[in-house]
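Residue numbers (the numbering used here): 1 to 637.
Each remark here refers to the structure printed beneath this line.
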């Protein structure tokens with residue numbers, strides 16, 4: 001690994017004689033390596049606006065211009081204007097002998113945009129084996145870099161410039177594990193540092209890179225573990241294998257309150273990468289799966305990419321939905337829509353550039369969510385309001401169905417049948433409690449199972465309510481309700497009708513209880529249990545008051561008007577549940593997602609996708625046709 005300093009002039013002095021490859025698979029890693037080296041070594045050429053080494057300064061200027069040429073040679077993408085502007089800015093900064101920190105920041109910004117526009121693997125597929133990395137280092141690298149990484153190996157003494165001292169903390173602060181991996185993989189043209197791609201497997205190269213990355217931070221073990229576990233800011237900044245592989249102390253320092261703290265954390269995580277790989281969950285998991293989906297899509301594996309994108313939502317975002325909804329519901333809605341549209345693009349054979357651009361948009365939203373959720377636990381008032389609004393929002397739909405059934409049976413003087421309604425909602429609550437127990441203590445309900453349960457039950461209830469709404473409207477016209485009630489009051493409720501009433505009540509209530517229980521399970525983990533219970537209690541009081549008010553009002557309504565109002569309310573519920581059912585099936589990956597320019601209104605079941613809107617429109621048209629047909633029949637009777 002001689003001369004990771006890259007012997008600047010020898011690495012790229014022949015660059016003008018070579019044309020940058022237009023293939024991102026080969027050009028992007030080389031360009032990234034060049035920019036990363038420039039960010040780390042510019043300080044050796046310019047200090048406080050003064051050139052301290054004329055030869056190195058000339059090399060830095062050459063590197064920047066050659067990197068710009070490579071960027072300009074890449075295939076066009078949505079990020080091309082940004083890349084060109086960033087490359088021009090980097091050249092201008094170096095020409096102006098800008099401060100080292102500004103040049104490093106600009107070079108790193110350009111590398112980040114480059115990887116977002118042309119994704120390449122930037123992290124190991126599994127946690128690197130540091131013991132294996134140490135063994136490879138001693139057999140392959142120690143002869144030049146020394147047994148302890150000080151650059152004092154026997155063969156290294158003959159090299160000019162001398163091998164890099166990996167224990168140099170200031171230089172190590174500018175390097176990432178990915179930086180070291182790329183040098184090990186590609187080698188350095190014109191220097192003794194050859195490529196190890198043919199001699200070492202990818203796993204061995206990652207293990208070696210992580211081991212080398214720990215040599216400058218030997219004390220970051222126990223202290224680093226404590227710093228990592230105690231610092232929510234660090235866990236938010238480095239929450240995935242990709243972020244760990246690209247982490248630099250120089251960039252992390254601002255987020256965690258100082259360079260010393262950043263060194264402890266980076267040193268610890270490089271020595272114990274399993275802390276990230278094994279604990280990968282939630283939003284970080286979603287971001288990793290999205291990045292992986294872009295990579296495999298570029299390899300021509302569209303279905304595998306779609307499955308990864310689906311897993312990103314179901315296994316990463318969906319478990320965090322309740323917490324995110326309590327803190328920023330609009331952001332949660334944006335994420336759901338964007339991820340659904342991204343899956344559809346993967347299924348419809350969109351171009352690699354279009355897929356990468358959409359993935360970048362999704363990752364930006366996920367980054368906002370990750371930052372939001374990595375903050376301290378929700379405040380007591382946030383938990384209280386979240387618990388209150390969830391119960392009222394989810395319970396109102398079920399309440400309207402139950403109240404409509406009870407009011408109808410009482411109007412029909414069928415008090416004997418109300419027990420089927422009460423049995424339906426009571427058993428639904430008990431089933432919800434059993435669901436909570438199973439989800440908490442026995443098994444983990446997957447995101448797919450949850451969305452399918454919500455989606456299918458919503459569509460079933462919508463279909464039933466569609467029929468009920470049309471039927472009630474028919475009886476409300478031309479005095480038909482009078483003959484209906486006269487006939488029904490003379491006969492007992494038959495078994496089929498009783499089970500119909502029970503089934504509709506149970507499905508309508510259990511669907512809402514199922515979702516509400518899982519929301520509360522997530523909020524309970526926020527550590528504000530008493531405030532959650534307070535919100536639940538106040539929400540129950542509000543629901544109870546609404547139920548009492550609706551039942552009392554319905555008793556005073558004339559029977560014909562009651563049928564008319566009930567038919568409209570139930571028809572509206574059918575439209576709402578249709579939208580929610582389609583949205584849940586979209587989240588489960590059963591249907592595609594095409595974004596529509598409308599706002600998301602969860603309470604009304606309106607979501608910004610053409611599939612859900614067209615389904616609701618179809619139900620609305622069926623209702624309109626049914627109502628018109630009922631009126632026509634009433635006039636001709």
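All C-beta atoms, glycine included, are put in the ideal place defined by N, C-alpha and C.
This structure is a prediction, so every number in the text was calculated from the model and none was measured.
Give me the Cβ distance between residue i and residue j, rounded to the nearest whole Å; I'm assuming they're in contact under 8 Å.
i: residue 394; j: residue 516; result: 5 Å
i: residue 210; j: residue 171; result: Between residue 171 and residue 210 the Cβ distance is about 17 Å, and since that is not below 8 Å, they are no contact.
i: residue 399; j: residue 623; result: So it is not a contact: roughly 21 Å between Cβ atoms.
i: residue 318; j: residue 283; result: With 8 Å as the limit, residue 318 and residue 283 do not qualify as a contact, their Cβ atoms being about 11 Å apart.
i: residue 582; j: residue 611; result: 6 Å
i: residue 387; j: residue 258; result: Not a contact, Cβ separation roughly 38 Å.
i: residue 220; j: residue 181; result: The pair is not a contact, with the Cβ atoms about 20 Å apart (cut-off 8 Å).
i: residue 554; j: residue 463; result: Not really, about 24 Å apart at Cβ, beyond 8 Å.
Are residue i and residue j close, meaning C-beta to C-beta below 8 Å?
i: residue 204; j: residue 132; result: yes
i: residue 262; j: residue 249; result: yes
i: residue 421; j: residue 396; result: no
i: residue 201; j: residue 245; result: no
i: residue 239; j: residue 366; result: no
i: residue 227; j: residue 265; result: yes
i: residue 44; j: residue 53; result: yes
i: residue 208; j: residue 136; result: yes
i: residue 89; j: residue 72; result: no
i: residue 460; j: residue 507; result: yes
i: residue 67; j: residue 31; result: yes
i: residue 292; j: residue 308; result: yes
i: residue 153; j: residue 163; result: yes
Determine the direct distance from the alpha carbon of residue j to that of residue i, and round the result to whole angstroms.
i: residue 599; j: residue 607; result: 7 Å
i: residue 138; j: residue 82; result: 43 Å
i: residue 346; j: residue 591; result: 13 Å
i: residue 294; j: residue 206; result: 21 Å
i: residue 109; j: residue 86; result: 8 Å
i: residue 3; j: residue 165; result: Caution is warranted here: a pLDDT of 36 is assigned to residue 3, below 50, making its placement in the model unreliable, and the coordinate value is therefore given only provisionally. Distance between the alpha carbons of residue 3 and residue 165: 9 Å.
i: residue 241; j: residue 594; result: 31 Å
i: residue 48; j: residue 99; result: 6 Å
i: residue 111; j: residue 173; result: 17 Å
i: residue 635; j: residue 568; result: 20 Å
i: residue 486; j: residue 334; result: Residue confidence is low: residue 486 scores 45 on pLDDT, short of 50, so the model does not pin down where it sits. Its coordinate-derived value is still stated next. Approximately 52 Å, taken between the alpha carbons.
i: residue 415; j: residue 427; result: 19 Å
i: residue 542; j: residue 551; result: 14 Å
i: residue 625; j: residue 424; result: 31 Å
Closest to residue i by CA distance: which of the options is it?
i: residue 433; options: 530, 534, 286, 509; result: 509
i: residue 339; options: 357, 329, 313; result: 313
i: residue 37; options: 370, 104, 242, 147; result: 104
i: residue 121; options: 504, 634, 73, 290; result: 290
i: residue 531; options: 163, 153, 385; result: 385
i: residue 214; options: 57, 128, 254; result: 128
i: residue 148; options: 160, 168, 161, 159; result: 168
i: residue 199; options: 212, 185, 192; result: 185
i: residue 70; options: 58, 25, 92; result: 25
i: residue 547; options: 300, 401, 114, 513; result: 401
i: residue 596; options: 360, 605, 587, 609; result: 609
i: residue 62; options: 51, 76, 101, 95; result: 95
i: residue 417; options: 27, 500, 115, 260; result: 500
Is residue i helix, strand or coil by DSSP?
i: residue 47; result: strand
i: residue 546; result: helix
i: residue 606; result: strand
i: residue 120; result: coil
i: residue 650; result: Past the boundaries of the shown model lies residue 650; the chain is included only from 1 to 637, so the question cannot be answered.
i: residue 570; result: helix
i: residue 536; result: helix
i: residue 164; result: coil
i: residue 601; result: strand
i: residue 392; result: helix
i: residue 231; result: coil
i: residue 460; result: helix
i: residue 510; result: helix
i: residue 17; result: Any reading at residue 17 must be qualified, since the residue scores a pLDDT of 33, below 50, and its modelled position is unreliable; the value itself is stated next. If DSSP states are grouped into helix, strand and coil, residue 17 belongs with the helices.
i: residue 272; result: coil
i: residue 225; result: helix
i: residue 150; result: coil
i: residue 53; result: coil
i: residue 565; result: helix
i: residue 33; result: helix
i: residue 489; result: Model confidence at residue 489 stands at a pLDDT of 39, short of 50, so the residue's coordinates are unreliable and nothing is read from them.
i: residue 444; result: Because residue 444 carries a pLDDT of 45, less than 50, the predicted location of this residue cannot be relied on, and the following value inherits that uncertainty. Three-state DSSP puts residue 444 in coil, outside helix and strand.
I want to check one thing, is the minimum distance from the CB of residue i to the heavy atoms of the ligand PLP below 7 Å?
i: residue 135; result: Annotation note on the ligand PLP: not contained in the displayed structure, which lists no ligands.
Is any beta-carbon of chain B found at less than 8 Å from that of residue i?
i: residue 143; result: No chain B appears in this structure, which consists of one protein chain only.
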